[in-house]
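Sequential numbering of the sequence shown, starting at 1, is according to full-length UniProt numbering.
Scroll down for the structure; my scribbles are underneath it.
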Amino acid sequence: GPITPSTLAGNRYIFVLIDDHSRYMWTSLLKEKSDVFTKFKRFKSLVEQESGASIQTFRTDRGGEFMSQEFMEFCELAGIKRHLTAPHSP
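Laid out in structure tokens, this is it:
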């Protein structure tokens, strides 16, 4: 859920990405959950430029912010396999 109080910039959510191989973690502050798609596209571009490797699999819960048609199509076109966890699990 949203963090309270929100940050001074009005951010209410934290998007956490963890590389299963290295256990390296990235975090990004979001004003709305719907901002996650834009942040993920930027993250993908940055990581792939810096590492020369591509994202193979993206594991998420089944939150609406990850289940949009736009998000699903983006992953499919990018060759990213989706791994969806059971409801209410990490």
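Ideal placement from N, C-alpha and C gives every residue a C-beta, glycine not left out.
Just so you know, these numbers come straight off a predicted model, no measurement behind them.
**OP:** Go through its chain and collect everything with a Cβ distance to W26's Cβ below 6 Å, but skip five positions before and after it.
**Re:** L17
Subject >> Continuous beta strand (DSSP E) stretch holding S45: start and end >> reply: Here S45 belongs to no beta strand (DSSP E); instead the alpha helix (DSSP H) covers 36 to 51.
Subject >> According to DSSP, residues forming a beta bridge with K81 >> reply: T57
**OP:** Measure from the alpha carbon of A86 to the alpha carbon of each residue in S6, D61, E48, M67, then state which is nearest.
**Re:** Cα-wise, what sits closest to A86 is D61.
Subject >> Per-residue DSSP class, three states only, for M72 >> reply: Secondary structure at M72: helix, using DSSP grouped into helix, strand and coil.
Subject >> Cross-strand partners of T27 (DSSP beta bridge) >> reply: V16
**OP:** Answer yes or no: do K44 and F15 have a C-beta to C-beta separation smaller than 8 Å?
**Re:** Contact flag unset, no.
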